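According to this note's numbering, the sequence shown is numbered sequentially starting from 57.
These notes are about the structure you will find just below.
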Amino acid sequence: MDMLLEDKMESFFLAETLKYLYLLMDPETEIDILGKHVFNTEAHPLRLLDEVQPRDGICEVNDGFPHLTASPGVDHDFASFVPPGGDRFVEYRDGTSPYDITPLIKARSDRVARVRREHVKSAMRHAWDGYRRYA
């Protein structure tokens, strides 16, 4: 069976945009959108905490806003940073790829990126036209 691969990014983008617009604008929603809830990336409502508490020194609390750590000093050696995760992705550590990226693969990738860019721009034009018309 010969199956043709199709890029459905524009459909996904539009579906995600419409999902969030519906969740945010539905007048009959039972979720207090602007109060104590936010949506995660899968549109599941999450209740906000009343305040942020530091946990075992993992984060500092300055003026009520959590920061992961204090800012590094002016003389900080950023080159000495060792990312967490141990030996994951060691094949990329020196900036190379474990795969042979041929000019043909680059050309195909560029072509897909250009097509997606046009679909995204078209979807955004469509969304903004609807916003101008109905908002």
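We put the CB at the ideal spot given by N, CA and C, even for glycine.
Remember, predicted model here, so these are calculated numbers, not experimental data.
Within 8 Å, strictly: CB atoms of residue i and residue j
i, j, result
"Val-176", "Phe-68", "no"
"Thr-73", "Ala-183", "yes"
"Ala-135", "Glu-66", "no"
Own chain, CB closer than 8 Å to residue i, minus 5 neighbours either side, in chain order
i, result
"Leu-150", "According to the sequence shown, residue 150 is Asp rather than Leu. So no residue of the chain qualifies."
"Ala-71", "none"
"Leu-189", "The sequence as given places Arg at residue 189; Leu does not occur at that position. Around Arg-189: no qualifying Cβ."
Own chain residues within Cβ distance below 7 Å of residue i, not counting five before or after
i, result
"Asp-131", "none"
Beta-ladder partner(s) of residue i, from DSSP
i, result
"Arg-103", "His-93"
heavy atom of the ligand COA below 7 Å from residue i C-beta
i, result
"Tyr-78", "Because no ligand of any kind appears in the structure shown, any question about the ligand COA cannot be addressed here."
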